[in-house]
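With the working numbering applied, the sequence shown covers 542 to 750. C-beta atoms are modelled at their ideal positions from N, C-alpha and C, and glycine is treated no differently. Since this is a predicted model, take the numbers as computed values, not measurements. A short worksheet on the structure shown next.
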Amino acid sequence: MDTINFYKALRGEKLSSSIGDITFTTHYVGELILTSGRLVACDPLAFPDSEAFQKSLPIGKYPVFLIVEHYPRNNDQRVAYAIIRISEETPVNWKLGICSDEELALLTDNDTLGYPVDSGVGCFMDFDAVKILDDSIYYAYIANPQEESLIDLIQDELRNNSWKWANICIDKSTQLNIIAFSSGYGDGIYPTYFGYDTEDKIVNIVTEF
């Protein structure tokens, strides 16, 4: 991760570019509920049955923030970073999030390791949410085509926000939720990084768009 630009964006500093100064704003979009501690970052519309990261997190709820970049031309706004804050400690080391050892073994110098996006949307969710999402898709599209799926709810909520984000509760008994957001410039492969403090504890998770 380009940590220099990340910290500049986090502080709200301007970045110079060929089209003028890019500015950044940080937005709180809700708390992510982790019921198993197994975090998933994925495109929930195109790849809802994605794997969880190898590194587990303590069960609990954690604030999620989006850093949005503002371009001087046409008032264009893009999500640059999606952040889960685990603690207030400052990360001193960053490691790429992986779902399996095989991913690293197959990685070449020209590859980008991250999650694929094919709908212009990324998200954070607990692995427990994956089965609920899959069951909802099956029920809506196969068992009862008249029923709206959670995919439809996410899409509807995303339409209601500029630069798009949605916080959808999918299980009222546990408050399990999915926090979805626009993926920067749309489709692509986007890496997620785990930030560690001086005691090697995870304090931040960041997807870089």
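Here DSSP, grouped into helix, strand and coil, assigns Y612 to coil. The residue from D738, T653, V662 with its alpha-carbon nearest to that of A587 is V662. Boundaries cannot be given for R579, as no beta strand (DSSP E) includes it and DSSP labels it neither H nor E. Nearest to S690 by alpha-carbon distance, out of C710, H611, D642, W706, is C710.
Nearest Cα to E592 within the set G638, D543, G561: G638.
Just measuring C-alpha positions, the residue of K705, G727, F547, I730 sitting nearest W635 is F547. For Y548, the enclosing alpha helix (DSSP H) stretches over residues 544–551. Between I625 and I545, the CB-CB gap reaches or exceeds 8 Å. Just measuring C-alpha positions, the residue of R579, D669, L598, D562 sitting nearest D617 is D562. For the segment 691–716, the full-length alpha helix (DSSP H) segments reaching 4 residues or more read 691–700 along the chain. Comparing C-alpha distances from K602 to each of W706, S677, S641, Q716 shows the shortest one belongs to Q716.
As computed with DSSP, Y569 is found in a beta bridge with F606. The C-beta distance from V609 to F565 rounds to 7 Å, short enough to fall under 8 Å. Going by DSSP, E629 is part of no beta strand (DSSP E) at all; its letter is neither H nor E. When the alpha-carbon of A670 is set against those of G571, D543, L648, R579, the nearest one is in R579. Counting along the chain, L586 sits inside no beta strand (DSSP E), nor does DSSP assign it H or E at all. The three-state reading of DSSP puts F594 in coil, since its state is none of H, G, I, E or B. Distance from D584 to D667 at the Cβ level is roughly 16 Å; contact not present, criterion being Cβ atoms closer than 8 Å. Judged by beta-carbon spacing, P604 lies beyond the 8 Å limit of E629, meaning their Cβ atoms are not closer than that value. The alpha-carbon of G736 is positioned some 8 Å away from that of K742. If you ignore the 5 residues before and after I560, its C-beta comes within less than 7 Å of the C-beta of Y612, P613, R614, all in its own chain and listed in chain order.
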